[in-house]
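What follows is a short report on a single structure.
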Amino acid sequence: IITGAGEKSFCAGMDIKSVQPDGRGNADARPEGTLVRGLEIGKPLIAAVNGYALGGGLEIALACDIRIASENAVFGLPEVSLGIIPGWGGTQRLFRLIPFGKALELILTGSVIDAREALNLHLVNKVVSGNNLMAEAKELARRLSGFSPLALQAVKEALYQGYDMTLSKGLKLESRLSAGTMASDEFVRSRASFLEKKAEKKR
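Everything in the sequence shown is counted per the working numbering, starting at 3 for the first residue and increasing by one.
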């Protein structure tokens with residue numbers, strides 16, 4: 003679970019003072035930087051967005067797999083107002099979640115949207131009260147932790163890699179990943195447990 007401290011801000015973006023005109027001090031803004039690379043992991047990542055998620059803050063949320071927002075959450079990519087553009091994946095991830103035209107509008111104008119509009123656009127998966135935000139995120143994390151880590155990783159690989167593939171290549175990827183999970187010790191144990199419970203019900 004990735005979240006901010008307190009209710010005011012999830013993350014309001016990069017520290018402008020630390021960025022030099024030539025880009026020095028902003029290594030993590032590059033595609034190979036630790037921010038983007040560090041979030042591309044096999045485990046599901048949940049963003050619990052409390053308050054402002056602007057600029058790099060929204061880009062962190064975009065790099066997560068599931069986004070839960072508090073009612074006071076605010077989202078935006080205002081970089082254009084500084085004469086720059088998003089550099090942590092905003093221009094590449096936003097339009098993959100919401101309609102292209104709306105993504106273009108938000109980035110071109112630097113506009114912000116509230117949690118309800120973000121939900122309507124499918125930018126976030128759920129909106130809850132601020133008091134329930136972490137409870138919701140922890141319950142989701144608890145549920146996911148009960149599933150096979152290998153299966154969860156395979157799901158992410160199938161969807162994220164398959165997104166830019168043709169259907170035929172995507173189906174081949176899915177078939178390979180599915181076969182890998184079925185050959186795993188985790189599936190063998192789960193299958194045996196399932197069959198045992200099914201047999202007990204018939205007795």
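In this text, a Cβ means the ideal position worked out from N, Cα and C, and glycines have one as well. Everything numeric in this text was worked out from a predicted model, so none of it was measured.
Considering only residues of the same chain and omitting the five flanking positions on each side of residue i, which have a CB-CB separation below 6 Å?
i: residue 47; result: 66 and 67
i: residue 172; result: 164
i: residue 14; result: 54, 56 and 59
i: residue 176; result: 160
i: residue 95; result: 64
i: residue 10; result: 53
Could you name the residues of the same chain whose beta carbon sits closer than 7 Å to that of residue i, not counting the 5 residues immediately before and after it, in chain order?
i: residue 111; result: none
i: residue 129; result: 71, 73, 117, 118 and 121
Among residues of its own chain, excluding the 5 on either side of residue i, which ones have a beta-carbon nearer than 8 Å to its beta-carbon?
i: residue 152; result: 182, 183, 186 and 188
i: residue 5; result: 12, 49, 50, 51, 52, 135, 136 and 139
i: residue 107; result: 113
i: residue 82; result: 109, 110, 111 and 112
i: residue 154; result: 44, 45, 46 and 146
Please determine, among the options, the residue with the shortest C-alpha to C-alpha distance to residue i.
i: residue 84; options: 109, 105, 194 and 72; result: 109
i: residue 123; options: 101, 191, 132 and 113; result: 101
i: residue 142; options: 127, 155, 98 and 79; result: 127
i: residue 148; options: 200, 192 and 96; result: 192
i: residue 131; options: 158, 72 and 9; result: 72
i: residue 45; options: 194, 158, 178 and 201; result: 158
i: residue 115; options: 79, 150 and 155; result: 79
i: residue 166; options: 103, 98 and 197; result: 98
Write down the C-beta distance between residue i and residue j rounded to the nearest angstrom, noting that I regard them as a contact closer than 8 Å.
i: residue 119; j: residue 91; result: Residue 119 to residue 91, Cβ: 21 Å. No contact.
i: residue 117; j: residue 75; result: 4 Å
i: residue 125; j: residue 77; result: 6 Å
i: residue 86; j: residue 93; result: Their Cβ separation, rounded to whole angstroms, is 11 Å, which puts residue 86 and residue 93 out of contact at 8 Å.
On the DSSP bridge list, what partners appear for residue i?
i: residue 54; result: 11 and 76
i: residue 69; result: 49
- prompt: Which whole runs of the alpha helix (DSSP H) in the stretch 80 to 112 are 4 residues long or more, in chain order?
  reply: 92 to 95 and 102 to 111
message: Report the start-end ranges of each alpha helix (DSSP H) in the stretch 108 to 169 that is 4 residues or longer and not cut off at the edges.
response: 117 to 122, 135 to 147 and 151 to 164
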